[in-house]
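Protein chains in written order, with the working numbering: chain A, 7 to 125; chain B, 7 to 125.
Number of protein chains: 2
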Amino acid sequence: MRIGELAQRTAVSERSLRYYEKQGLLTSERTPGGHREYAESAVDRVIRIQELFAAGLCSAKIAQLLPCLRDTADGAAPETASPWLVEQLTTERERIDRMIGELIRSRNVLDEVIESAIG
Amino acid sequence: MRIGELAQRTAVSERSLRYYEKQGLLTSERTPGGHREYAESAVDRVIRIQELFAAGLCSAKIAQLLPCLRDTADGAAPETASPWLVEQLTTERERIDRMIGELIRSRNVLDEVIESAIG
DNA sequence: CTTGAATCTGACACTGATGTCAACTCTTAC
DNA sequence: GTAAGAGTTGACATCAGTGTCAGATTCAAG
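Here it is in structure tokens:
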């Protein structure tokens, strides 16, 4: 599929898709004229990328992480994360954990205010 | 206490504390010479502000929300949120909910990679 | 006093993903 | 072929919180 369709199906702007490619997160074939042509699996990959962005990972970390995922669906076996990467990801995991805790606390704060206004 | 101590105790930079004040999130008395003097309750407030920032609320929303909290400890009774504010906060609540879901998904992704490398 | 540490204000930079615009090229249907 | 729509690259802007620096002032202790 081309970039417009991928953008629609993932709700991610064409601008961002090109950015992902430049950051090495997303690959595409090119038509003879230079237009990007995406495999079907790109949809899942873009969604995954968005999730990881939402989790606060920067594009560099995502780029390292992606080859180790098993959802590639392009026949390539997932790489095994290097010890160094595992350490990085463990740190990220802890950060995400803390973030979840903070989000829950904040949600509770909102709930309190909402409830005291409604109840 | 003065700004340096508050910064240390909250692990928030002096720069950010001044920014919070300019955004109406934090108040301080001033010494005759113009230096900020904070009440003890500022510590809790700053930590709460940081949590709300971490939850993705912008300073404007936080400024509206803070008067409705009951932890002020400065004798002021908490305000009741206006219907408009309740609507805003409900939207934020939903956003936070979605974000928590994404974070959990991302954490699972990391766990998979980590486990497959370690196990 | 004086001196050094702390604080003040204001301005500018950065980060990193994304928006937006311009000028050009490709694709596709007629 | 041609016109309209889609895609290309590149550059600049934005957001919001934070870092950082400069130059001036204040505080606290000797």
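Positions of the beta carbon are idealized from the N, C-alpha and C atoms, including for glycine.
| query | Which whole-angstrom value is the C-beta distance of Y26 (chain A) and I55 (chain A), which I expect to be below 8 Å? | reply | 6 Å
| field | Per DSSP, the bridge partner or partners of E43 (chain B) | value | B:E35
| task | Whole angstroms is fine: what's the gap from G40 (chain B)'s alpha carbon to R15 (chain B)'s? | result | 22 Å
| request: Buried or exposed for E4 (chain B), please, with buried defined as at least 16 other CB atoms from any protein chain shown within 10 angstroms of its CB. | output: Lying outside 7 to 125, the shown extent of chain B, residue 4 (chain B) is not represented and no answer is given.
| Touch check for the stretch 83-95 of chain B and the stretch 105-115 of chain B: three-plus C-beta pairs under 8 Å? | The count of Cβ pairs closer than 8 Å, one atom from the stretch 83-95 of chain B and one from the stretch 105-115 of chain B, stays below three, leaving the stretches out of contact.
| message | By the three-class DSSP mapping on this structure, what secondary structure does L112 (chain A) have? | response | Checking the sequence shown, residue 112 (chain A) turns out to be Ser, not Leu. The answer is helix: DSSP assigns S112 (chain A) an H, G or I state.
| message | Using 7 Å as the threshold, is the C-beta distance between L75 (chain A) and P89 (chain A) below it? | response | no
| Closest Cβ-Cβ distance between A48 (chain B) and chain A: below 7 Å? | no
| query | Which bits of chain B does S112 (chain A) rub up against, with CB to CB less than 8 Å? | reply | Residues of chain B whose Cβ lies closer than 8 Å to the Cβ of S112 (chain A) are, in chain order, E57, L58, A60, A61, L63 and I102.
| query | If you measure from the beta carbon of R51 (chain A) to each beta carbon in chain B, is any gap under 7 Å? | reply | no
| said: Does the CB of I68 (chain B) have a neighbour CB from chain A at under 7 Å? | reply: no
| task | Determine the contact status of L58 (chain A) and S112 (chain B), defining contact as a CB-CB distance below 7 Å. | result | yes
| query | What residue from A:N114, A:E100, A:E121 and A:M7 has the CA that sits closest to S47 (chain A)'s CA? | reply | A:M7
| said: By alpha-carbon positions, which one of A:R101, A:L71 and A:S122 ends up nearest to Q29 (chain A)? | reply: When the alpha-carbon of Q29 (chain A) is set against those of A:R101, A:L71 and A:S122, the nearest one is in A:L71.
| Excluding the five sequence neighbours on either side, which residues of its own chain have a C-beta within less than 8 Å of the C-beta of V49 (chain A), listed in chain order? | L12, R15 and T16
| Inter-residue spacing [alpha-carbon to alpha-carbon] between I124 (chain B) and L116 (chain A) | 39 Å
| query | So is T33 (chain B) in contact with chain A if we call contact Cβ pairs under 7 Å? | reply | no
| Is S34 (chain A) closer than 7 Å to E43 (chain A) when the C-beta atoms are compared? | yes
| request: With DSSP collapsed to three states, give me the class of L91 (chain B). | output: helix
| said: Mapping the DSSP letters down to three states, classify L12 (chain A) as helix, strand or coil. | reply: helix
| Out of curiosity, what's the CA-to-CA distance linking G169 (chain A) and A61 (chain B)? | Shown here, chain A extends from 7 to 125; a query on residue 169 (chain A) therefore has no answer.
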